[in-house]
Structures are given as structure tokens and as C-alpha cells.
Amino acid sequence: MDNKDKNKGYGTNKKILIFISFIAFFVLLYIIILVRLQIFDVNSYKSKAEKVIVNKDVIYPDRGAIYDRNRKPLAANLQFNTAYISVALPRAEKQKLLAELQTLDKSDVNSLALVEKYETRTSLPDYSFDEVEDLASILGINTNDLLHMLENEISGQIASKVPKDKKQEVEKLGLPYIYFRTESERYYPNQEILSSTLGYVENGVGAYGLERYYDEILAGKKGYEEFFKAIGGTTLAFESGENIPSEKAKNLVTTIDEDYQKILYDNLLQYFKDQTPMYGAAILTDPNTGEVLAMESLPSYNPNSPRSLNSDIDKLFLNAIDQNDKDSYMIRRWNNINVSSVYEPGSTFKAITTAIGLDQNHEIEHNEYTCNGYIEISPGVTIKCWRAHNPHGVQSLREAFSNSCNPAFVGIIDDIGKEKFVESTRSFKFGELTGIDLPNEVAGVFNATKEVKNVDFRPMSYGHSISTTPIQQISALNATINGGIYYRPHLIKEILDEQNNLVAQAKPQEVARVLSEKSSATMREYFEYNAQQTSALKSNEIRMGVKTGTTELVSASSVFLDKDNEFPNKTIVSIFATFPSNAPKYSLLILFSETQRDALGSSLYPVTRNIFEEIDKLNNNRASTEIGVGDFIRIPNLVELPVYKARQITEQEQLELKLSEGSVSEFSIIKTQMPQANGFMERKGFIEVFTDYNSQFEVPNIIDMKLEDAQKLLTEDGINFETTNKDGIVIKQKPDAGTIINKNEKIVITTDEQ
């Protein structure tokens, strides 16, 4: 009995030992395989994986918006989906390759390259003809075009601006070789207006204007997401890629007032069409802060399509220039004349000479200056007064300023003296950059010293022998009316984060005091006195100050011929104006080069008066409808709604619905809106909506309508339909009312016709 128990115990121990040995063997085998994979073969596998593909997705933040001072959008983004296709194999071919792969000996060293080739090919997704046909139908593209890309293993974009519902339909197909990217397109709602100041975006980078100057702020910082992946297949997990998050872009609030800008543009455009000059420019500022309220440069361009040449001004030039000069004309429009072009300021500079005289020699205000029609400025060099046929005679300083008498100003600059004049003119920053926040600013030329010769010195009194830019000129002239302070001109008021929370705020930058308060007060009176002498500037609504300028050009550059087949006036006409003249809140500089009809700065009187009167009227209307807290409303979401429903919502909220250009049906589906939903805006403001006229409609309800009326409604809205009836009342329609259909789908109509 004892021996039996011993034998039984021995047998059990033996079984346990065998079991443990088996486990130990398999554990050891697993460890050996693991060591081989992790240590000896790791580089081989990594090499294979890296030979397949390393994906690095660039993450671009949405570009920041640009607003006017009242937060109306001047530049924003329109979002859309773009569909892409990657390399894939026909399903039958992939199945064949997989079967062949199974027959290969993976342990044979000589077969490794072939195995790797098969594994790479079979990692690609596969496709069938039917699913490609379905894909083409949803996206509205040619099936053969898709098959051509797939058969030739071409990857790339296949459809742009894909509607949300179409994207969802494609995603339901579950095609691993199709993917979408949300992309954005820069949009400028005011088109040509303010274009040279805003600039435009090309390939995601700001070009010209504010878009370029503040590109780093508006663009944010792109991020990266790196991962390893078999071509068209699954992500490889042996190594994680580098991830760098993107940095969100900032929004800009400019000093521009959109309404003032439109007033300025409309008036300049009309003058341009009347006079056909080579170019025009204008700046409206707040002289007490240096804020630019409006800025225009003509010819302008549409930043939504900066290379198109189809505006009214473009057509004028294209009819006059050689076709070989077309490209240079196109590029010239992109530059902002206000900061990038220099000119001799002419008689508007007399305000600087007068102000320096008042400040440096207090006797000058009481001096008298005689005009005999001519004056010799250097031996053998004589200049004449514009009224040489009827000389001004004896004049006070104020009268000489109003008469714009060149001989008198030669006497005034002599009384100031070379050293004081040169020193004071430099204090007004002539010959320097203003530092305005725009690219491509040039400095102008003022190289005079106290040793300057009379032949160069004396013409400076009336704005010759000096060159400046419009922004430089108005910045200096502002100091003559604002109490004597030179402010750096600027265009940005605030920087906001992506939620429109304040990040930074610009303050007026006082550069230097260049005049006394007393001298500036006298200059304000002189400007107003000059305006009062001009019947064309008399207004019951406003008090203005003004000084015009006319500069003769050495040679003509105009491409236009007048009615006598001759080149137009070789002059630059300009005007500087203030409003209200006793305490200016606005200053305005306008200039045009080589006008066809009028050769004097006085031709700008009506334009100037109109601009200030329209601004004054606008301000009065704003004051009478002052906005309170209760007049701000949350912006409704109109995207994916038909136009008629959006109209109902905006009317209920006391908002105006503005439709984008092009044919739009009341049943068209809205794809984008500006401003975007959920922000806040003033009641009685407008929302601009964008539809894809060739994309989708909501089916209208035509039940109980006469067939004739139903057909008329559908035809006017561009909706396809079919019916076998010729008359009667509609009793059935398919699809039902409210269904969203594509442009190429039809509504089938049935009537009660017997």
C-alpha cells in the first residue's frame, strides 16, 4: 500500500515537471523571438516601414480676420471642403497579389525583396468600379476621370467646395482612398474698395498691404503632425511622430471706417472717370491721433481675383495701352500710391512754409509781400506768379497764403532763412519714413542743408525741389492744424484673439512737437479764410479749411490722348482740406496726376466738399440712431438654410439679408455667411450670404397650385421638373416639399387632369 502511494506521488511530480518544462520551453522561445525582433531585426523592420512612407500633416490655423473700426469685416475666410484621392488598386488585382504573397517563402533570404514589394503593394486600399461610379455621381464628376487617376496611380484633388451633405454621403461609402480637407478662401466683401491698403493673400501668404505687413499675426503659426504609415494602409506603431501644435491667428481691428471709405472711393472714382488721369490717391485721417480713417489708390484691383482686369478703370487703360504693357499695368495697381510713390507737393507745401514762418519769425505775420508778377530767384533764373497778367500787388501773409502767390513765398522763405527753414522742415519728417504700418513705404527726398543755393532753396517755399509721399505730406500738414504735434500715422487700432478678446490696443504715437499752439491756431484760421474766398466750397452744412496745389511735370507719362489727339495736362493736382475748420476732426489729402480736362487743384473743390458733406450727414444719422446695449443681437446661423427662410429670420431680427453676386434662387441653399453665426452685431446691420447656384435647392411646396403657376415658379428659380400633364391642379410632387435636391435632379409633377 505504501509502495503504491509512493509510485502515485512520483507519477504526479513527473507530470508537473513535464508541464513546467513545456511552459519554460515556450517562454524561452518567446523570449528568443522577442529579443530577435527587438534587438537584431528592429532596424530591418524600421527600414522597411520608412521605405513605405512617413506622413507629415501640416496644420494651418485659420487666417485672422481684418475688421474696420466698427468691427465690420474687411477681410475674412470662407470655409469649404476639398476632396482628394490617393493611390489604390483594383480589388481583383489586390486579391491576386495577396494570394501570390501567401506562396512566397518569407524565410528565404533571396525572396525578401520580392516579399517586401508584395507587402508594400498589398498595403494599398482597393476599389471597385461600382463604388467609383457612386463616388463620381455624388460629387458630380466624370467616372472616367476618376478611373484614369486610379489606374495610373495618380493622387490629388478631385473636387473643390464640396457641400456638407455630399461630404457625408461620400464618407458613408467608407472609401479609404478618399479623404477630405477643410480649406479656406480669403474673401474681401468690398472688392476694389481699399484693396491697395488691404493687399491680398496668395498661397497662404500675405501679398501687399496689411495682409503682408501683419502676415505673421494674421497667419498664426502652422503646426505639424508626423506619423509613419504604409502607403494607403494602416499607421505603423513602432515609433510615434513629432507633434507640434499650431498657434491660432489673431484678428486685426483697423482704424478704417468702412462707411467713410466708401464715400471716399465713390467720389474719387467719379472724378477718375471724368478726368481719366494716370493715377489718383487720397487719405482721410484724424489729425489729432494719426489714425487713417480711409485710404484709396486708383487704379485699384479686386483682391478676390487680383490678376483680373475687368473694372471700369481697367477697361480705360486696356483700350489705351499696348498689350505688351498689360502685365506691368496689372502689377502697378497692387502698389499703394499713398506710401510708395513720390511727387513734388506744390502749393500744399506752402502751408508748411507759412507755419514755419509763424513759428520761427513772429514778425512775418505782420510783414507785407509784394507781387509784381515775376521774381528773380537766382541770376538769370526768374519765376512767375500764376496771376502774372494781373499781379497781386501788396499782400499780408494770410493773403499771400490764400492767393497762393509764388513770388510772395520766395520773400517769406528769405525772411525765415536757410538754416531755420531746413531745420524746421526736417522736424516735419520730410525725407524720412513716416513708419506707417504698410509695406513698401518710400521716404521722399529732402537733402537741403544751410549751404543750399538760392536756385534750389527758394522754390522749396512753394513745394518744388522737394519730393514727398501723400502719407508723408498729410502727416506733416496735420501738425499745422492739431496744435503742433506730429503723430505717426497708423492703420491698426486693436489686435484680438480668435474669440475677439482684446490682446493689444494701439495708442496715438506722438513723435514730436513741431509748432506752438499759437502758430497752429493761426494756421487753422488761414485754412478757413482760404476756403471762404472760394464760392465752390461754400456750404451751409459745414465749415472747411483748404489749400490746393498744382505741380508741373517735366514730361508726360499719360497713355491717354484728349479730343485733339494730344496728351493731357502735365500736372499733378492736389488739395489738403480740414473739417470742421475751427477744431478739425478730419483732414483730407487728394491728388491726381495728368488729368484730361482740368489742370488746377481747384478742380478738386467739388469732390472735397461732397466728401465732407456726406461724412457729416452720415455722422448726424449715426447720432440720431445711437446704439444702446439692447440694439446688439446675436448673429443667427443661416448656413444650410434656403434663402427664403434666411430672409424670414433676418426680417424678424431687423437685419438686412445681402445676397452675393450671381444668380440666386429663393430656394438655393446657403453655404457661407458673413459675419459668421453666434457673434454680435448691431440691429439693422446686414448679413451677406453665399450660395452655390449650381449645387442645391430646397424643393418648394407646389401642391394645390395651378400647373402653369408651378411651372413658372420652378423655371424662375432654375429648378428642373417634368410632367406628362398639360393642365390642372398639382396633387402630387416628388420629392416632397422641403427635400434638398441637387441641381441636376428633377421634380416630377402630377395634376388632377383627366
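Take the sequence shown: its position 661, counting from 1, is numbered 661 in this note's numbering, and each next residue is one higher. Don't be surprised by glycine CBs; every beta carbon is placed ideally from N, CA and C.
Rounded straight-line distance, which links the Cα of residue j to that of residue i
i, j, result
"E423", "I416", "11 Å"
"A136", "N142", "6 Å"
"K746", "K262", "43 Å"
"F180", "Y84", "6 Å"
"F721", "V664", "18 Å"
"N336", "I474", "15 Å"
"T751", "K726", "9 Å"
"I231", "L210", "Bear in mind that the predicted position of I231 carries a pLDDT of just 48, short of 50, making it unreliable; the figure below should be weighed with that in mind. Taking the straight line from one Cα to the other gives about 42 Å."
"R634", "A677", "8 Å"
"L600", "Q652", "52 Å"
"K161", "Q79", "8 Å"
"I66", "V253", "6 Å"
"P779", "Y213", "The structure shown does not extend to residue 779, since the chain is modelled only from 1 through 754, so no value can be given for it."
"A76", "N190", "11 Å"
"L74", "R186", "11 Å"
"D259", "A294", "9 Å"
"E151", "N110", "30 Å"
"G233", "D437", "Note that G233 scores a pLDDT of 47, beneath 50, so its modelled location is shaky and nothing firm can be said."
"S341", "E419", "28 Å"
"L175", "D126", "9 Å"
"N610", "S305", "31 Å"
Range covered by the alpha helix (DSSP H) that runs through residue i
i, result
"E211", "209-213"
"D704", "Taken as a continuous stretch (DSSP letters only), D704 belongs to no alpha helix (DSSP H), as it is neither H nor E."
"S160", "Looking at the DSSP string, S160 is not in any alpha helix (DSSP H); the run it does join, the beta strand (DSSP E), is 156-162."
"A136", "129-139"
"S574", "It is not in any alpha helix (DSSP H) - S574 instead sits in the beta strand (DSSP E) that spans 571-579."
"K250", "Where K250 is concerned, there is no enclosing alpha helix (DSSP H), given that its DSSP letter is neither H nor E."
"S475", "470-479"
"E192", "That residue, E192, is in no alpha helix (DSSP H); it is neither H nor E in DSSP."
CB of residue i within 8 Å of CB of residue j, strictly
i, j, result
"M523", "T480", "yes"
"L101", "T122", "yes"
"V639", "I670", "yes"
"I615", "L604", "no"
"E594", "S558", "yes"
"F446", "I542", "no"
"V573", "F560", "no"
"K248", "P61", "yes"
"L139", "V115", "no"
Boundaries of the beta strand (DSSP E) in which residue i is found, first to last residue
i, result
"A92", "Counting along the chain, A92 falls outside any beta strand (DSSP E), though it belongs to the alpha helix (DSSP H) covering 91-103."
"E291", "291-298"
"S111", "Taken as a continuous stretch (DSSP letters only), S111 belongs to no beta strand (DSSP E), as it is neither H nor E."
"S378", "374-378"
"Q505", "502-505"
"M763", "Not covered by the structure: residue 763. The range shown for the chain is 1 to 754."
"P73", "73-85"
"A512", "510-513"
"G280", "279-286"
"L760", "Shown here, the chain extends from 1 to 754; a query on residue 760 therefore has no answer."
"F180", "178-187"
"Y200", "200-202"
Three-state secondary structure (DSSP) of residue i
i, result
"G718", "coil"
"F697", "strand"
"E216", "helix"
"F686", "strand"
"T235", "With a pLDDT of 44 at T235, under the threshold of 50, the modelled position of that residue is not reliable, and no figure is offered here."
"P642", "strand"
"Y605", "helix"
"R554", "According to the sequence as given, residue 554 is Val; it is not Arg. In the structure shown, V554 sits in coil (DSSP, three-state: anything other than H, G, I, E or B)."
"G435", "coil"
"H490", "strand"
"D312", "helix"
"T548", "strand"
Residue i beta carbon near the ligand SAM (any heavy atom closer than 7 Å)
i, result
"L114", "Within the structure as shown, the ligand SAM is missing, as the structure has no ligands at all."
Pair every Cβ in the stretch 280-294 with every Cβ in the stretch 573-588, then say whether three or more of these pairs are closer than 8 Å. At 8 Å Cβ cutoff, the stretches touch.
Tell me whether the stretch 335-349 and the stretch 544-557 touch, counting them as touching only if at least three CB pairs, one residue from each stretch, are closer than 8 Å. Touching, yes.
Cβ contact check for the stretch 185-196 and the stretch 298-312: 3 or more pairs under 8 Å: Judged by Cβ distances under 8 Å, the stretch 185-196 makes contact with the stretch 298-312, as three or more pairs qualify.
Counting pairs of beta carbons, one from the stretch 377-386 and one from the stretch 455-466, are three or more of them closer than 8 Å? At 8 Å Cβ cutoff, the stretches touch.
Sufficient close CB pairs (3 or more, under 8 Å) joining the stretch 727-734 to the stretch 697-704: Yes, since at least three Cβ pairs between the stretch 727-734 and the stretch 697-704 fall closer than 8 Å, the two stretches touch.
Cβ pair count under 8 Å reaching 3, the stretch 481-497 against the stretch 388-401: Because the criterion of three Cβ pairs below 8 Å is not met, the stretch 481-497 and the stretch 388-401 do not touch.
Sufficient close CB pairs (3 or more, under 8 Å) joining the stretch 524-533 to the stretch 492-512: Between the stretch 524-533 and the stretch 492-512, the count of Cβ pairs shorter than 8 Å is below three; the stretches do not touch.
The stretch 403-414 in contact with the stretch 384-394 per 3-pair CB rule at 8 Å: Between the stretch 403-414 and the stretch 384-394, the count of Cβ pairs shorter than 8 Å is three or higher; the stretches touch.
Say whether the stretch 110-130 touches the stretch 89-98, bearing in mind that this needs 3 or more beta-carbon pairs closer than 8 Å, one atom from each stretch. With the cut-off at 8 Å, the stretch 110-130 and the stretch 89-98 touch.
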